[in-house]
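The structure under discussion appears below in the form of structure tokens.
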Amino acid sequence: MDEFQSMEKQMKAIEKKAESMARRELRAGLGYLVIQTALFLRLTFWELTWDVMEPICFFVTSGYAMAAYAFFLRTSKEPSFEAFFQARIGAKKKRLIQLQGFDTHKYHQLKKICDPSS
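For what it's worth, this note's numbering labels the leading residue of the sequence shown as -8, then goes sequentially.
Structure representation (structure tokens):
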């Protein structure tokens, strides 16, 4: 029982850190989009013209649409912000489990024994 509680505590810490890392990653993505929008605004109205920027914006937007479709093909989940967030948490969690050498097989066995309802 003590071993399970210890592993449960470690798993909760991994999950919390994975969520924190995913949130940080998504905030960086927001920062990227804000900077890109500001750059496109500057290029459209001061440096270049809409005639030059329109095709650039079209291809950038097409790239984002292709990325969303690739996400769907890879995960079989709707390409929504929530689905992307959950996918990033899962990836970060998997990486942290590997880095810390956490024994998930043993954890799930102990969880079945200590908490049969799960």
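C-beta atoms are modelled at their ideal positions from N, C-alpha and C, and glycine is treated no differently.
Here the structure is a predicted model, which is why all the values come from computation and not from measurement.
Pairing CB atoms from the segment 83 to 103 with CB atoms from the segment -3 to 10, are three or more of them under 8 Å?
yes
Rounded to the nearest angstrom, what separates ALA74 and LYS3 at their Cα positions?
Distance between the alpha carbons of ALA74 and LYS3: 21 Å.
Quick check on VAL25 - is its C-beta less than 8 Å from some C-beta in chain D?
Looking for chain D here will not work: only one protein chain is present.
Would you identify the three-state DSSP class for ASP42, choosing helix, strand or coil?
helix
Looking at C-beta atoms only, is the number of pairs between the segment 94 to 108 and the segment 25 to 42 that lie closer than 8 Å three or more?
Short answer: they don't touch.
What does a CB cutoff of less than 6 Å around ILE80 pick up in its chain, not counting 5 residues either side in sequence?
Excluding positions up to five away in sequence, the list reads ALA9, GLU10 and ALA13.
Reduced DSSP secondary structure (H/G/I, E/B, other) of ASP(-7):
helix
Quick one, are the C-beta atoms of PHE76 and LEU24 less than 8 Å apart?
no
Run through DSSP, which three-state label would GLY92 get?
If DSSP states are grouped into helix, strand and coil, GLY92 belongs with coil.
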